[in-house]
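There are 2 protein chains.
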Amino acid sequence: MGAATRERIIEAGSILFRRQGYAGTGMKAIAAAAQAPFGSIYHFFPGGKDELTGEVIRAAGRVYGALVPRFFDGAPDTAVATRCAFRGAAETLRDCNYADACPIAAVALEVASTNEPLRLATAEVFAHWVGGLTARYEGAGLAPAVAHRLAVSFVSMLEGAFVLARASKNAQVVEDAGEIMFEAVRAALDKAAE
Amino acid sequence: MGAATRERIIEAGSILFRRQGYAGTGMKAIAAAAQAPFGSIYHFFPGGKDELTGEVIRAAGRVYGALVPRFFDGAPDTAVATRCAFRGAAETLRDCNYADACPIAAVALEVASTNEPLRLATAEVFAHWVGGLTARYEGAGLAPAVAHRLAVSFVSMLEGAFVLARASKNAQVVEDAGEIMFEAVRAALDKAAE
DNA sequence: GTCTATAATTTGATAGAC
DNA sequence: GTCTATCAAATTATAGAC
Numbered sequence: 009m010g011a012a013t014r015e016r017i018i019e020a021g022s023i024l025f026r027r028q029g030y031a032g033t034g035m036k037a038i039a040a041a042a043q044a045p046f047g048s049i050y051h052f053f054p055g056g057k058d059e060l061t062g063e064v065i066r067a068a069g070r071v072y073g074a075l076v077p078r079f080f081d082g083a084p085d086t087a088v089a090t091r092c093a094f095r096g097a098a099e100t101l102r103d104c105n106y107a108d109a110c111p112i113a114a115v116a117l118e119v120a121s122t123n124e125p126l127r128l129a130t131a132e133v134f135a136h137w138v139g140g141l142t143a144r145y146e147g148a149g150l151a152p153a154v155a156h157r158l159a160v161s162f163v164s165m166l167e168g169a170f171v172l173a174r175a176s177k178n179a180q181v182v183e184d185a186g187e188i189m190f191e192a193v194r195a196a197l198d199k200a201a202e
Numbered sequence: 009m010g011a012a013t014r015e016r017i018i019e020a021g022s023i024l025f026r027r028q029g030y031a032g033t034g035m036k037a038i039a040a041a042a043q044a045p046f047g048s049i050y051h052f053f054p055g056g057k058d059e060l061t062g063e064v065i066r067a068a069g070r071v072y073g074a075l076v077p078r079f080f081d082g083a084p085d086t087a088v089a090t091r092c093a094f095r096g097a098a099e100t101l102r103d104c105n106y107a108d109a110c111p112i113a114a115v116a117l118e119v120a121s122t123n124e125p126l127r128l129a130t131a132e133v134f135a136h137w138v139g140g141l142t143a144r145y146e147g148a149g150l151a152p153a154v155a156h157r158l159a160v161s162f163v164s165m166l167e168g169a170f171v172l173a174r175a176s177k178n179a180q181v182v183e184d185a186g187e188i189m190f191e192a193v194r195a196a197l198d199k200a201a202e
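Residue numbers (my numbering), protein chains in the order written: chain A, 9 to 202; chain B, 9 to 202.
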């Protein structure tokens with residue numbers, strides 16, 4: 009069951025990082041949350057906290073990147089899918105009492121100026137998310153530059169709305185932000201259809 | 009010159025918090041950056057790290073809230089002012105090599121689930137910024153609900169774009185986000201003028 | 001692979017001389 | 001008010017028994 013322990017450690021890191029950030033989360037706290045012996049962390053991650061954090065970042069990139077098809081497949085159009093994604097995020101935030109938003113945003117801000125390998129890991133995840141969204145907007149008929157700009161704004165808006173929503177314990181921020189993004193995508197689609 | 013020392017400590021905290029976050033910044037590092045003796049921190053902030061952090065948060069709220077008039081006074085209209093604000097932020101980010109974005113975003117994410125007094129302090133600052141922007145959009149003739157939604161989206165978009173820009177060391181994200189916000193404000197103004 | 005004990009540092013905070 | 005020395009606790013990481 010070694011694999012299960014390793015997975016539990018990554019999952020525990022993901023949960024604690026999004027609630028307390030990178031520096032605020034100790035290796036012992038991760039081991040305790042994963043119900044794993046402290047030594048197991050260094051067995052599975054000989055590179056220590058940096059290696060573990062890198063794995064948490066990449067795992068979050070895969071998990072949250074996989075949400076894009078969930079919202080965009082079968083939606084009437086990409087504008088509606090965009091709004092649904094923000095509404096879904098708002099509901100999720102309320103359900104967890106604003107504890108679990110993005111697993112890597114706090115880490116990204118902490119390591120951007122202090123840890124180059126981890127900064128690159130977060131940059132790759134954001135680029136992956138932006139790429140997935142760009143493909144959807146392009147598939148809806150938007151020019152590549154327009155699609156990319158909307159995708160960048162989608163991720164930026166959601167990440168920023170998470171910051172305000174967690175601070176205020178009010179998810180209406182996320183819905184307001186989603187409404188603006190909905191209108192932006194709708195306007196781009198209308199313009200492309202002219 | 010006691011006041012000067014106190015100000016230097018707050019300024020040092022503001023710089024270190026935005027680069028390393030709350031938990032990642034030690035009191036000794038703040039004292040060193042402020043060129044103040046370690047004991048002076050506890051002389052001026054008997055409440056310790058929490059009291060100092062609260063002051064840093066509130067100071068950032070005043071300083072950055074004062075930027076709103078800078079961009080909106082004298083601008084042709086609020087849509088252009090919105091875009092100018094994002095372009096200015098992008099330029100500032102490039103000039104500091106992506107080190108200094110928002111002083112409280114990282115802190116806000118770290119304390120939201122762990123420190124209720126500091127969470128409230130960050131929430132009040134975000135509300136102050138949103139309020140200042142809402143007043144500008146209302147002053148431009150937009151309905152209160154529309155103005156508020158645009159103001160919330162302004163702050164969310166900028167905060168989120170900061171996260172992506174710092175991670176990727178690319179300020180184009182901020183300009184792309186500003187273009188979307190420009191178009192959103194422009195569309196709202198056009199609709200209100202019908 | 002699991003688990004404990006511990007090393008070496010660093011943390012926030014305090015005491016007290018000057 | 002300034003500054004140093006120091007405390008107790010927490011940190012990352014390692015060694016080594018089982």
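C-beta: ideal position from N, C-alpha, C; glycine also.
This structure is a prediction, so every number in the text was calculated from the model and none was measured.
In the structure shown, A/Phe-53 adopts coil according to DSSP, grouped into three states. Assignment of A/Ile-38 by DSSP, reduced to helix, strand and coil, places it in the helix class.
Listed in chain order, the alpha helix (DSSP H) runs fully inside the region 113 to 146 of chain B are 113 to 119, counting runs of at least 4 residues. Excluding residues up to 5 positions away in sequence, Ala-173, Arg-174, Lys-177 and Ala-179 lie with their Cβ nearer than 8 Å to the Cβ of B/Tyr-106 in the same chain. Among the residues of the region 171 to 202 of chain B, those with a Cβ less than 7 Å away from any Cβ of chain A are Val-171, Leu-172, Arg-174, Ala-175, Ser-176, Val-181, Asp-184, Ala-185, Glu-187, Ile-188, Glu-191, Ala-192 and Ala-195, in the order of the chain. Near chain B, meaning a CB-to-CB distance below 9 Å, the residues of the region 32 to 46 of chain A are Gly-32 and Thr-33. If you draw a straight line from the Cα of A/Val-138 to the Cα of A/Gly-21, it is about 24 Å long. At least one beta carbon of chain B lies nearer than 7 Å to the beta carbon of A/Ala-116. The C-alpha of A/Ile-112 lies about 34 Å from the C-alpha of B/Ala-44. Residue A/Glu-15 holds the alpha-carbon nearest to the alpha-carbon of A/Ala-68 among A/Ala-201, A/Phe-94, A/Phe-79 and A/Glu-15. The shortest CA-to-CA distance from B/Met-35 to any of B/Tyr-50, B/Arg-26 and B/Asp-184 is the one to B/Tyr-50.
If you compare the alpha carbons of A/Arg-26, A/Phe-46 and A/Tyr-30 with that of A/Ile-17, the shortest gap goes to A/Phe-46. Along the region 152 to 168 of chain B, going in chain order, the ones with a CB nearer than 8 Å to a CB of chain A are His-156, Arg-157, Leu-158, Val-160, Ser-161, Val-163, Ser-164, Met-165, Leu-166, Glu-167 and Gly-168. Residue nearest to B/Arg-27 within the set B/Phe-53, B/Ala-109, B/Arg-102 and B/Ala-37 is B/Ala-109 (criterion: CA-CA distance). With respect to the C-alpha of A/Arg-157, the residue from A/Glu-167, A/Leu-141, A/Val-171 and A/Leu-166 having the closest C-alpha is A/Leu-141.
Taking 7 Å as the CB threshold, A/Arg-66 stays off the interface with chain B. In the pairwise beta carbon analysis, the region 155 to 171 of chain B is classified as touching the region 154 to 168 of chain A: at least three pairs are separated by under 8 Å.
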